[in-house]
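Chains as they are written, first to last, in the working numbering: chain A, 1 to 396; chain B, 1001 to 1396.
Quick notes on the structure that follows.
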């Protein structure tokens, strides 16, 4: 197997897929794309999803979960809208999602259960079913490889740029492709906005394998920018595998590990794009914790630092205020001895054994004055490590 | 007993106290007050303290804790500086706090253990002992009832206004007084900045009673704006009881409950002033949760809502976006059925049984457009309740 490499393309670059997007009038801005359809021509398209852990779940999340369960992971279409989350909308909202799936299924010649649904936007406001039903025939008519280009734009809400990634690898004489689009962004904590991601692949993957691989990839990527349980009502990651490449991924085989590596890389790329697009963000920051007693402790420290507004504003100003970093670690709940802690930006020591490392302020500022940087914390308590991506916080 | 009433005054309005403040040059702004001394003339002055739960504790916190333990709660002076937190400063930092206490004790004719120390300001930078030692004689010379007026200003860092409160009540022919000053403020989460409060009273209270009463008062006030464990390196609340009123507070007696009521009221007033002074704040918001299964659940929901940047910006814009409130409750970790939840601003229904209450948008905005308001959430799951104070978040 060769490594996965990034290539030009869209959600329909993996074989077997077509997609389209339209302006259905759900967003307030006239002519803004807000409804997209992703479709697989392959009869045996496997599907898997990961959803919000919020106790309040939107209607489309409930319905997609149900459809994946009922079909045991076979689905051929995703219909997604932006501009309205269809969350906190009660029985009427669920009906809207159901009717959407039913109408799309009819036009595509599928069972309604083979259609997954996702929404993002304002909460608590009824989603007008008519706006969607009116445009479904147009969407189905426009399904094509080229039109898949529009999907990332159609799922944006407060995002300042579209997020997509396509990866390809060679498997003998054949090639396999993975593509993904995402939306996220939002305020201050990237974790507070709805995160959607849709992934297509032409590998042939059984639903159970697809589900397990997706879970691992999401835990190492989107959940690295999202606090467990600290999610919106609509967070959704869906993957469809058409099998059209003719390359089969088998559980326990080598193919499983290269497919897992590709899916992990794709999800990490999309997750980093989301972190980068946090409102008021000018830098992409990785927080790496080493030497923790347990992985849970490493995670706690990384998240506390990544979410501290005081740390984030210091990063925005390239201010080497490592005391704020140590303070955030201190309230994270992790067990450690402050007198042992090292703190670095990239390879530059700010704090050694809990004390100022005696650095030159200008040198430190130069190190911090980069668009991508890593804050490294070594607790010197054990061997566990963890990493979180975040952004800085400017006053814009 | 009469009720406690707010009166004019300062930390030296309770009998037995004097105080003073000077500009010692610790703050960068020339002439800014940054060092204060609070002193009790009464030989048997009881003292109690509550400190940060952060794993990283500043030198003055370590020293004050130690002094209160060694003396079993007898202390007659507090020396506090702003401009430098003396945190993450290692053994040298502890020596600085010790020398400060020792020098103050010598000038005041006390044992060093009778002097408590507090600091607030930048972390990780050595605090210059000389700046303090140079000014201690001036401070001691200037100790007076009038000069106590300067203390709240001397402990400010990013605070935009000084915070103090004085309460008086009549106990038979005598009157008892409680006074307090505080500093807090900071960024976005009020909880992220150092919180200091110093309280004086002329009631006679045994150290153990004083400690227990203080703990209850802090839990119902400062800890209502501060997440447990989510505290700065320097958070400190100290109380000194001179006994100079001649009125004794006895454990288990009626006097214990009126004293507790007064201390609770004083701490709540100061805590609300801190919440009001959050950076970018224009409103003081109480988040009240009812109908929770357990007090812990009520607390989780209240804190999740109070700390949600999405909720806080909606509040700033008087935007009746109750979906954001329900979403925050959903990721709080509390157990509840979203379909049962009511959400109100003051007495105005925004959401009834998980759905839009069908309110008039202008009416809702008028209700939200107040300087003080209450967000009320009824989970309809049980009988537990909880309350948190917070502020909105404007873009200033």
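Note that beta-carbon positions come from the ideal geometry of N, C-alpha and C, so glycine has one too.
Closest residue to residue i among the options (Cα-Cα distance)
i, options, result
"residue 1162 of chain B", "B:1027, B:1033, B:1236", "B:1033"
"residue 1128 of chain B", "B:1020, B:1362, B:1095, B:1179", "B:1095"
"residue 231 of chain A", "B:1004, B:1308, B:1331", "B:1331"
"residue 1307 of chain B", "B:1175, B:1392, B:1136", "B:1392"
"residue 1209 of chain B", "B:1108, B:1233, B:1241, B:1019", "B:1241"
"residue 54 of chain A", "A:87, A:19, A:259, A:282", "A:87"
"residue 291 of chain A", "A:107, A:387, A:159", "A:387"
"residue 1171 of chain B", "B:1111, B:1036, B:1284, B:1255", "B:1255"
"residue 1068 of chain B", "B:1101, B:1370, B:1121", "B:1101"
"residue 1349 of chain B", "B:1364, B:1340, B:1338, B:1199", "B:1364"
"residue 167 of chain A", "A:223, A:266, A:287, A:334", "A:266"
"residue 126 of chain A", "B:1323, B:1336, B:1334, B:1346", "B:1323"
"residue 1351 of chain B", "B:1109, B:1321, B:1374, B:1368", "B:1321"
"residue 1268 of chain B", "B:1097, B:1221, B:1319", "B:1221"
"residue 155 of chain A", "A:35, A:46, A:202, A:339", "A:35"
"residue 223 of chain A", "A:90, A:173, A:303", "A:303"
"residue 380 of chain A", "A:317, A:359, A:298", "A:298"
Limits of the unbroken alpha helix (DSSP H) element including residue i
i, result
"residue 1268 of chain B", "1254-1276"
"residue 322 of chain A", "322-330"
"residue 363 of chain A", "361-368"
"residue 1135 of chain B", "1129-1142"
"residue 1183 of chain B", "From DSSP, residue 1183 of chain B is part of no alpha helix (DSSP H) but of the beta strand (DSSP E) over 1174-1183."
"residue 71 of chain A", "59-71"
For residue i, the first and last residue of its enclosing beta strand (DSSP E)
i, result
"residue 93 of chain A", "First-last for residue 93 of chain A: 90-108, but that is the alpha helix (DSSP H), not the beta strand (DSSP E)."
"residue 375 of chain A", "372-378"
"residue 287 of chain A", "284-292"
"residue 299 of chain A", "It is not in any beta strand (DSSP E) - residue 299 of chain A instead sits in the alpha helix (DSSP H) that spans 295-307."
"residue 1154 of chain B", "Unbroken run through residue 1154 of chain B is the alpha helix (DSSP H), 1151-1154; no beta strand (DSSP E)."
"residue 343 of chain A", "342-345"
"residue 119 of chain A", "115-122"
"residue 349 of chain A", "348-352"
"residue 166 of chain A", "163-171"
Where residue i meets chain A, residues with beta-carbon distance less than 9 Å
i, result
"residue 1123 of chain B", "321, 322, 323, 324, 326, 327"
"residue 1082 of chain B", "The contacting residues do not exist; residue 1082 of chain B stays about 16 Å from chain A at best."
Within chain B, the residues that residue i reaches when beta carbons sit closer than 9 Å
i, result
"residue 55 of chain A", "1329, 1330, 1331, 1332, 1333, 1334, 1335, 1336, 1337, 1338"
Residues that residue i bridges to, as DSSP identifies them
i, result
"residue 38 of chain A", "A:19, A:78"
"residue 1050 of chain B", "B:1237"
"residue 1204 of chain B", "B:1248"
"residue 392 of chain A", "Note: residue 392 of chain A sits in no beta bridge, so no partner."
"residue 148 of chain A", "Answer by DSSP bridge pairing: none, since residue 148 of chain A is not bridged."
"residue 1281 of chain B", "Beta-bridge pairing links residue 1281 of chain B to no other residue."
"residue 83 of chain A", "A:121"
"residue 1356 of chain B", "B:1351"
"residue 199 of chain A", "A:180, A:239"
"residue 1384 of chain B", "B:1292"
Proximity of residue i and residue j at Cβ, strictly below 7 Å
i, j, result
"residue 1118 of chain B", "residue 1248 of chain B", "no"
"residue 1075 of chain B", "residue 1114 of chain B", "yes"
"residue 39 of chain A", "residue 77 of chain A", "yes"
"residue 1260 of chain B", "residue 1213 of chain B", "yes"
"residue 270 of chain A", "residue 204 of chain A", "no"
"residue 22 of chain A", "residue 107 of chain A", "no"
"residue 1120 of chain B", "residue 1082 of chain B", "yes"
"residue 1305 of chain B", "residue 1343 of chain B", "no"
"residue 1152 of chain B", "residue 1164 of chain B", "yes"
"residue 211 of chain A", "residue 48 of chain A", "yes"
"residue 1011 of chain B", "residue 1200 of chain B", "yes"
"residue 1275 of chain B", "residue 1225 of chain B", "yes"
"residue 26 of chain A", "residue 131 of chain A", "yes"
"residue 284 of chain A", "residue 370 of chain A", "no"
"residue 1169 of chain B", "residue 1058 of chain B", "no"
"residue 1288 of chain B", "residue 1374 of chain B", "yes"
"residue 20 of chain A", "residue 142 of chain A", "yes"
Within chain A, the residues that residue i reaches when beta carbons sit closer than 8 Å
i, result
"residue 1231 of chain B", "331"
Interface residues of chain B facing residue i [CB-CB closer than 7 Å]
i, result
"residue 391 of chain A", "Those within 7 Å of residue 391 of chain A in chain B number zero; the least Cβ separation is about 13 Å."
Listed by chain order, chain A residues near residue i by CB distance under 7 Å
i, result
"residue 1354 of chain B", "88, 90"
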